[in-house]
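What follows is a single structure, written as structure tokens, with notes after it.
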């Protein structure tokens, strides 16, 4: 099936397009890359919409001929990467499964294991609650809970933000010297007037976070929204994630929330530690059973 699809993709590029722009060279690897490029262009165009899109519209957006777009969409459809709805198309379920694995198994494990703690935090605060992990110099949001009076945050599950502008990011950078220095070397972004952009001021804030164990976002990513976060510590004194509470500035009281936030993060870390120890005990037993067999 894969070989057949690759052959079909190559044929798409060997056949000159009606507008005269199709490739005519004999370099097979270049032809394959061109076909993949075209397929990815179609996927990215579909990703910009919350609705189904017709072939003619997709062809216009991607500068492909209608016949090329139609045949590529057929290949993608057979692999569940896109779905056909009548004469239109939308992204398929296989992309969701692939996307969940982009950052490896750890975020998925954290999302599942720490959901009860995020739920408890939301019940206590009735504010927007986040779970995030560090990805290079960004934070990636693993989970998010909110109610009817949720804060107007720019975050969603799976999205990324510059770590230096967020409470969860600063809570994680404070305990990762290399990542913090990379963030500083890359230039600290300033989405808001309150964002910390001076390297020495930022290092001083990270030092305070290491001492107090709590980080703040004082309208540094969005006007009118504040946030307080703490790290969830793992083995070796390094955080594996951070949890936060976000709310409207003035309504959110960090001093009131901080004790419960620290307690829940501590209990979450203890749960992760117990899970890790249990897995470590099981793995030697499994290895012994495999060797014996």
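Numbering (our numbering), first residue to last: 883 to 1175.
Cβ atoms here follow ideal geometry from the backbone N, Cα and C, with glycine treated the same way.
Going by the DSSP bridge assignment, what does residue 972 pair with across the sheet?
965
Per DSSP, what kind of secondary structure is residue 1034 in: helix, strand or coil?
coil
In chain order, what are the residue ranges of uninterrupted beta strand (DSSP E) at least 3 long that sit wholly in the region 1086-1155?
1097-1100, 1107-1115 and 1121-1130
Beta carbon of residue 973 nearer than 8 Å to that of residue 967:
no
Using alpha carbons as the reference points, say which of 1084, 1113 and 1079 lies closest to residue 873.
Here the chain comprises residues numbered 883 to 1175, so residue 873 is not present and cannot be evaluated.
Could you tell me the alpha carbon to alpha carbon distance between residue 1016 and residue 924, rounded to whole angstroms?
30 Å
Alpha-carbon to alpha-carbon, residue 1107 and residue 1035:
7 Å
I need the boundaries of the alpha helix (DSSP H) containing residue 1050, first residue and last residue.
1049-1055
Is it buried or exposed, residue 1031, if we count other Cβ atoms within 10 angstroms and call 16 or more buried?
exposed
Per DSSP, what are the beta-bridge partners of residue 1014 in this structure?
1023 and 1124
Sequence-distant residues of its chain with Cβ nearer than 7 Å to residue 1000 (five each side left out)
1011, 1013, 1025, 1027 and 1125
Three-state secondary structure assigned by DSSP to residue 935:
strand
Taking the beta carbon of residue 1037 as the centre, do at least 16 other beta carbons fall within 10 Å, making it buried, or is it exposed?
buried
Excluding sequence positions up to five away, which residues of its chain have a Cβ less than 7 Å from the Cβ of residue 1131?
1101, 1106, 1107 and 1108
How many whole angstroms separate the CB atoms of residue 1176 and residue 1019, which I take to be in contact at a CB cut-off of 8 Å?
Within the shown structure, residues of the chain are numbered from 883 to 1175, placing residue 1176 beyond reach of any answer.
Helix, strand or coil for residue 1074 per DSSP?
coil
Report the partner residues of residue 1044 according to the DSSP bridge assignment.
1020
Environment of residue 1062 [buried if 16+ CB atoms lie within 10 Å]
buried
State buried or exposed for residue 1005, treating a residue as buried only when at least 16 other CB atoms are found within 10 Å of its CB.
exposed
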